[in-house]
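By full-length UniProt numbering, the letter at position 20 of the sequence shown is numbered 20, and the numbering carries on one by one without gaps. For every residue, glycine included, the Cβ atom is placed at its ideal position computed from N, Cα and C. The model shown is predicted, which means the values in this text are computed figures rather than measured ones. Encoded as structure tokens, the structure appears first; notes follow it.
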Amino acid sequence: MNAHAKPMPATASKSPALAGQVRVPGDKSISHRSLMLGGLASGETRITGLLEGEDVLRTGDAMRAMGARITRQGSEWIVTGTGNGCLLEPEAPLDFGNAGTGSRLTMGLVGPYEMTTRFIGDASLSKRPMGRVLDPLRQMGVQVLEAGAGDRMPLTLRGPRHAAPITYRVPMPSAQVKSAVLLAGLNARGVTTVIEPVKTRDHTEKMLAGFGAAIEVETPADGERHIRVEGQGRLAGQVIAVPGDPSSAAFPLVAALIVPGSDVVIENVLMNESRTGLVTTLIEMGADISFENRRDTGGEEVADLRVRASELAGVVVPPERAPSMIDEYPVLAVAAAFAKGETKMLGLDELRVKESDRLAAVARGLEANGVDCEEGADTLVVRGRPDGKGIGGGTVETHLDHRIAMAFLVMGLAAEKPVTIDDRAMIATSFPEFLTLMTGLGAEIA
1 MNAHAKPMPA TASKSPALAG QVRVPGDKSI SHRSLMLGGL ASGETRITGL
51 LEGEDVLRTG DAMRAMGARI TRQGSEWIVT GTGNGCLLEP EAPLDFGNAG
101 TGSRLTMGLV GPYEMTTRFI GDASLSKRPM GRVLDPLRQM GVQVLEAGAG
151 DRMPLTLRGP RHAAPITYRV PMPSAQVKSA VLLAGLNARG VTTVIEPVKT
201 RDHTEKMLAG FGAAIEVETP ADGERHIRVE GQGRLAGQVI AVPGDPSSAA
251 FPLVAALIVP GSDVVIENVL MNESRTGLVT TLIEMGADIS FENRRDTGGE
301 EVADLRVRAS ELAGVVVPPE RAPSMIDEYP VLAVAAAFAK GETKMLGLDE
351 LRVKESDRLA AVARGLEANG VDCEEGADTL VVRGRPDGKG IGGGTVETHL
401 DHRIAMAFLV MGLAAEKPVT IDDRAMIATS FPEFLTLMTG LGAEIA
């Protein structure tokens with residue numbers, strides 16, 4: 001999204017019961033990795049269900065710039081890769097727009113190559129810290145020739161003649177850091193090891209194994225995960241069916257819970273245990289969510305979720321659950337605003353460095369709409385009103401953050417008064433069909 005474009009506000013109003021059967025876009029994390037690994041592998045990778053949001057398409061553009069061929073044929077994406085170790089130096093900067101995942105993982109992928117690569121992004125991405133990825137890359141011999149203050153974009157990397165494999169203990173739960181190091185290890189001679197004290201989403205490990213990488217995962221008695229990948233091996237193109245994104249499914253799911261009388265089925269949702277923290281939490285709060293047609297697709301469990309309007313009650317969300325629902329806290333806060341009693345969310349420090357300071361943005365949005373909340377350094381307490389009385393009437397500053405925008409539009413569907421967001425344009429980064437899907441269920445959004 002162009003940060004200088006004219007804002008496009010949107011307003012959500014109290015809606016009748018939501019009903020219908022919908023399918024959300026493909027999982028964002030798997031979509032990014034499909035294009036990256038497909039672009040790196042030898043031969044052809046065929047992808048269905050790819051999320052065609054701006055963030056993912058930026059990753060595709062970056063892989064094209066480094067020699068991969070990527071085309072769309074009907075509903076299928078065809079990727080012809082360069083072969084592991086054979087990416088080309090891009091002629092121009094790689095512009096990732098607002099894509100934090102795409103940019104950080106690509107830094108890992110290309111850092112060990114003996115070439116110069118420049119990374120740029122929009123105003124929001126340029127504020128996000130990249131040091132957590134650059135620190136292990138430096139240990140592998142990668143030079144950071146240029147970077148903004150605090151290791152931020154724009155930045156330029158120069159890879160070494162021979163990258164050194166490392167053993168790296170991830171200092172915070174971060175699938176992006178883990179993945180960047182593993183992808184960097186693909187071009188380093190020897191074995192690169194990542195030690196993960198707290199398990200995060202494991203799509204990179206599963207997909208590397210699927211593409212033929214020599215990778216192993218051990219979990220000793222202490223619970224730490226040791227992930228080892230051997231560099232300079234051959235990757236082979238695959239056929240990938242991308243399941244529905246649980247982070248996108250979160251919005252119609254919560255909307256169905258809080259709008260009285262609703263009954264909605266969300267099809268083909270990824271049920272990977274590292275991604276289901278929101279569903280676990282909502283069920284603890286009393287949500288009526290049933291899992292239908294459970295099945296396996298390409299090594300990942302998926303299911304159809306049937307969601308009925310429910311009376312929710314506040315709970316304490318433990319900090320160890322944060323990695324499995326880190327992108328869902330904004331919409332969980334909306335659910336909590338309509339729950340009986342107090343919901344306390346712990347261990348939210350990672351929200352400070354998302355597309356925006358998500359913790360602060362959620363708290364300000366709640367306050368602007370009459371919701372009693374309390375923001376701590378890494379906590380959020382929300383005191384709900386089950387009848388929605390007094391909620392709404394405010395305008396939410398989205399800070400170019402798609403999840404803030406969608407979460408507060410969901411709030412407006414059950415609030416006493418309409419809820420307005422200052423800009424809806426950035427929703428296209430992850431969920432281009434959001435407005436069409438929601439209004440198709442009966443949501444009042446204009």
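Please classify residue i: is it buried, with 16 or more other beta-carbons within 10 angstroms of its beta-carbon, or exposed?
i      : result
GLN176 : buried
CYS86  : exposed
GLU54  : buried
MET1   : Note that MET1 scores a pLDDT of 40, beneath 50, so its modelled location is shaky; the value from the coordinates is reported in the next line. Buried, since its Cβ has 16 or more Cβ neighbours within 10 Å.
PRO16  : exposed
PRO171 : exposed
PRO173 : buried
ALA10  : buried
ASP401 : buried
HIS162 : exposed
ALA405 : buried
ASP327 : buried
THR398 : buried
VAL316 : exposed
GLU205 : buried
Output the distance between the C-alpha atoms of residue i and residue j, rounded to the nearest integer angstrom.
i           : j      : result
ARG104      : MET130 : 7 Å
ILE166      : GLU300 : 29 Å
GLY298      : GLN238 : 10 Å
GLU196      : ILE227 : 8 Å
GLN143      : GLY111 : 8 Å
GLU342      : PHE251 : 21 Å
THR106      : GLY39  : 11 Å
LEU186      : PRO418 : 51 Å
LEU155      : TYR113 : 16 Å
residue 493 : GLY20  : Here the chain covers residues 1 to 446 and nothing more, so residue 493 does not appear.
PRO410      : LEU137 : Note on residue identity: the sequence assigns Val, not Pro, to residue 410. For VAL410 and LEU137, the distance between alpha carbons rounds to 40 Å.
LEU351      : ARG358 : 5 Å
PRO90       : GLY390 : 54 Å
ALA12       : ALA407 : 11 Å
ALA428      : THR116 : 30 Å
SER274      : LYS344 : 21 Å
GLU444      : GLN232 : 53 Å
So, helix, strand or coil for residue i, using DSSP?
i           : result
LYS344      : strand
SER247      : helix
MET426      : helix
LEU409      : helix
ASP349      : helix
HIS203      : helix
THR398      : coil
residue 447 : No information on residue 447 is available, as it lies outside the stretch 1 to 446 that the chain covers here.
ALA143      : The sequence shown places Gln at residue 143, not Ala. Strand.
GLY299      : coil
MET63       : helix
VAL24       : coil
GLU367      : helix
ASP263      : strand
PRO154      : strand
SER124      : coil
THR379      : coil
ALA287      : coil
For residue i, I'd like the list of residues in its chain whose CB is within less than 6 Å of its CB, leaving aside the five on either flank, ordered along the chain.
i      : result
GLY394 : ALA368 and ASN369
ILE258 : PHE338 and ALA414
ASP288 : ARG308 and SER310
LEU208 : ILE215
PRO93  : ARG118 and ILE120
GLU230 : VAL191 and ALA214
GLY49  : GLY26, ALA241 and VAL242
GLU355 : SER124 and ASP401
Go through its chain and collect everything with a Cβ distance to residue i's Cβ below 8 Å, but skip five positions before and after it.
i      : result
ASP304 : VAL265, ILE266, GLU267, ASN268, VAL269, PHE291, GLU292 and ASN293
Who are the near neighbours of residue i in its chain, counting only those whose CB is closer than 7 Å to its CB and skipping five residues on each side?
i      : result
ALA164 : MET140, GLY141 and ALA188
ALA180 : ARG104, LEU105, MET107, GLY108 and VAL133
Step through the CB atoms of chain B and report whether any lies within less than 8 Å of the CB of residue i.
i      : result
THR343 : Of the protein chains in this structure there is only one, and it is not chain B.
(Q) List, from N- to C-terminal side, the alpha helix (DSSP H) runs of 4 residues or more that fit wholly inside the region 42-103. (A) 54-65
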